[in-house]
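One structure is given below, encoded as structure tokens.
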Amino acid sequence: MNICVVGLGYIGLPSAGFFAEKGFQVHGMDVNKKVVETLKEGSVHIEEPGLPDLINKVVKSGQLTVSDSVVPSDVFIISVPTPIYENQTADLDYVKSATESVLPYLTKGNIVVIESTIPPRTIDDIVVPIIKEYGFDPDANEIYVAHCPERVIPGNILNELEENNRIVGGYTEEASRKAAEIYRQAVSGDVFETKAITAEMAKLMENTFRDVNIALANELAKVSSKLEVNAHDVISLANMHPRVNIHQPGPGVGGHCLAVDPYFIIEKAQAETPLIQTSREINESMPSFVVEQVKKILQYKDNPKIAALGLAYKGNVDDLRESPAITIVEKLAEQFEVKCHDPFVKEDMTHLKLHSLEEALDGSDIALILTDHNVFKDLGAGVFTTHLSQPYILDTKNCLPAQEGLTIYRIGDLSKVNPIE
Numbered sequence: 019m020n021i022c023v024v025g026l027g028y029i030g031l032p033s034a035g036f037f038a039e040k041g042f043q044v045h046g047m048d049v050n051k052k053v054v055e056t057l058k059e060g061s062v063h064i065e066e067p068g069l070p071d072l073i074n075k076v077v078k079s080g081q082l083t084v085s086d087s088v089v090p091s092d093v094f095i096i097s098v099p100t101p102i103y104e105n106q107t108a109d110l111d112y113v114k115s116a117t118e119s120v121l122p123y124l125t126k127g128n129i130v131v132i133e134s135t136i137p138p139r140t141i142d143d144i145v146v147p148i149i150k151e152y153g154f155d156p157d158a159n160e161i162y163v164a165h166c167p168e169r170v171i172p173g174n175i176l177n178e179l180e181e182n183n184r185i186v187g188g189y190t191e192e193a194s195r196k197a198a199e200i201y202r203q204a205v206s207g208d209v210f211e212t213k214a215i216t217a218e219m220a221k222l223m224e225n226t227f228r229d230v231n232i233a234l235a236n237e238l239a240k241v242s243s244k245l246e247v248n249a250h251d252v253i254s255l256a257n258m259h260p261r262v263n264i265h266q267p268g269p270g271v272g273g274h275c276l277a278v279d280p281y282f283i284i285e286k287a288q289a290e291t292p293l294i295q296t297s298r299e300i301n302e303s304m305p306s307f308v309v310e311q312v313k314k315i316l317q318y319k320d321n322p323k324i325a326a327l328g329l330a331y332k333g334n335v336d337d338l339r340e341s342p343a344i345t346i347v348e349k350l351a352e353q354f355e356v357k358c359h360d361p362f363v364k365e366d367m368t369h370l371k372l373h374s375l376e377e378a379l380d381g382s383d384i385a386l387i388l389t390d391h392n393v394f395k396d397l398g399a400g401v402f403t404t405h406l407s408q409p410y411i412l413d414t415k416n417c418l419p420a421q422e423g424l425t426i427y428r429i430g431d432l433s434k435v436n437p438i439e
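Heads up, the sequence shown is in my numbering, so the first residue is 19 and it goes up one at a time.
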């Protein structure tokens with residue numbers, strides 16, 4: 019069984035390596051020639067545990083080949099970005115282009131799976147019409163079209179590709195069955211068959227649920243600041259109830275899923291989604307909330323300097339997509355000197371200048387922890403007291419335990435913030 023994976027990014031590349039390791043003959047295609055050349059050498063352009071070794075192994079064995087063009091295959095898996103426009107509607111140009119790219123290589127009986135996260139009815143209203151216009155009839159199962167949304171988290175992708183349950187939504191019932199057979203040969207989790215639109219909505223609701231939950235926690239953080247109560251303690255005690263699971267407050271929501279997927283639902287049903295829209299507004303307000311706290315702390319300092327620790331949207335990855343840390347740094351840099359440090363992010367990945375940890379901290383008046391990298395959680399008081407001009411920390415990710423010699427403010431406990439003299 020041959021598989022062609024179109025798009026070798028954060029999800030497509032691990033998926034290509036995963037299927038290749040499971041014995042499928044896989045060809046990976048990406049329009050970025052630099053990515054292709056890097057992969058041919060057995061190297062990877064993505065920071066993900068275990069991925070370099072996996073790709074090196076399957077490339078050397080010949081189970082995975084890569085190029086900048088599609089090749090004839092039995093199965094085509096499309097895994098390309100689905101960003102949003104400035105008006106917060108879905109930009110499906112990559113999905114359309116990727117679907118069109120496989121058309122010359124299709125033969126009757128092929129399977130086309132969209133793994134990209136897509137708005138409801140994208141399979142029915144966009145993907146299938148493109149295939150029909152080329153001359154194949156998915157209604158008659160000449161081509162089996164399905165949506166199997168990725169459900170993995172950066173930092174643990176390879177394990178979750180193997181273990182997570184999968185949802186396969188076919189344009190037809192037979193398409194669901196055919197596509198599900200492919201995944202059942204590779205994954206250890208259960209594979210559930212359904213309609214395409216149900217699979218589309220299920221993925222979007224998974225992330226929207228989390229976005230709404232985080233918005234509740236972030237609103238609690240703001241309320242707690244006014245009422246002089248520790249939101250982290252409130253959440254910890256409330257979550258002792260067996261039917262309560264409040265998430266943690268933070269500097270905002272990032273990543274290509276949680277910060278984007280709710281808009282795919284809003285776009286299709288704006289009048290019916292006031293809760294989802296309000297949750298997005300709350301989470302998008304958090305970077306400004308953090309900036310205001312920093313300004314409050316630094317209001318009496320002349321020419322204050324800030325160390326920003328972490329740019330990625332989550333811990334232990336290099337993913338900067340929709341990262342609230344970037345927004346916070348950019349807003350602060352309009353008024354203050356900000357030095358950034360992120361051990362996972364490379365210079366060519368961001369427009370922001372990067373520094374070593376010591377360089378970022380040296381002479382700074384406050385350190386902001388914006389990403390929950392494990393290396394930050396392990397930092398002792400000494401590194402801060404040695405390099406900071408004053409040992410003040412605003413920990414937006416609740417990474418650090420209380421430590422003697424440090425003044426640590428947390429995003430959920432800001433009622434007693436005192437300006438630095």
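For every residue, glycine included, the Cβ atom is placed at its ideal position computed from N, Cα and C. Owing to the predicted nature of the structure, the values given are computational and were not obtained by experimental measurement.
- With respect to the C-alpha of TYR201, the residue from GLN408, VAL308, LEU31, ILE21 having the closest C-alpha is ILE21.
- Here ALA326 really is in contact with CYS358; their C-beta atoms are around 5 Å apart, less than 8 Å.
- At the C-beta level, GLY272 and PRO322 stay beyond 8 Å of one another.
- For LEU379, the closest C-alpha among the options ASP360, GLU365, THR368 is that of ASP360.
- As a beta-bridge residue in DSSP terms, THR425 pairs with TYR410.
- Going by DSSP, HIS165 is part of the beta strand (DSSP E) stretching over 162-165.
- Judged by beta-carbon spacing, ILE384 lies within the 8 Å limit of LEU412, meaning their Cβ atoms are closer than that value.
- Exclusion of the five residues before and after SER119 leaves VAL88 as the residues of its chain whose Cβ lies within less than 6 Å of its Cβ.
- MET19 carries a coil assignment under DSSP once its states are collapsed to helix, strand and coil.
- Per DSSP, the unbroken alpha helix (DSSP H) holding ARG228 starts and ends at 214-245.
- In this structure, DSSP gives ARG195 a helical state, which the three-state scheme calls helix.
- Take PHE354, set aside five residues on each side of it, and the residues of its chain with a beta-carbon closer than 6 Å to its own are PRO322, ILE324, in chain order.
- Around the C-beta of PRO267, 16 or more other C-beta atoms lie within 10 Å, and the residue is accordingly described as buried.
- A residue is called buried when at least 16 other Cβ atoms come within 10 angstroms of its Cβ; VAL356 meets this threshold and is buried.
- Under the DSSP assignment, GLU355 falls in the beta strand (DSSP E) whose first and last residues are 355-359.
- Partner residues in a beta bridge of PHE42, as assigned by DSSP, do not exist.
- A distance below 7 Å between beta-carbons, with the five flanking residues on each side excluded, links PHE37 to the following residues of its chain, in chain order: ILE21, VAL44, ALA204.
- A distance below 6 Å between beta-carbons, with the five flanking residues on each side excluded, links ARG169 to the following residues of its chain, in chain order: ASN182.
- A Cβ-Cβ distance of about 19 Å is found for the pair ILE149 and PRO138, leaving them out of contact under the 8 Å criterion.
- Judged by DSSP in its simplified three-state form, ILE294 adopts helix.
- In the DSSP assignment, THR135 forms no beta bridge with any residue.
- Look at LEU386 here: in three-state DSSP terms it is strand.
- Nearest neighbour of LYS51 by Cα position, chosen from SER243, ASP279, ASP86, GLN295, turns out to be ASP86.
- Our two residues, GLU151 and ILE185, have alpha carbons roughly 27 Å apart in a direct line.
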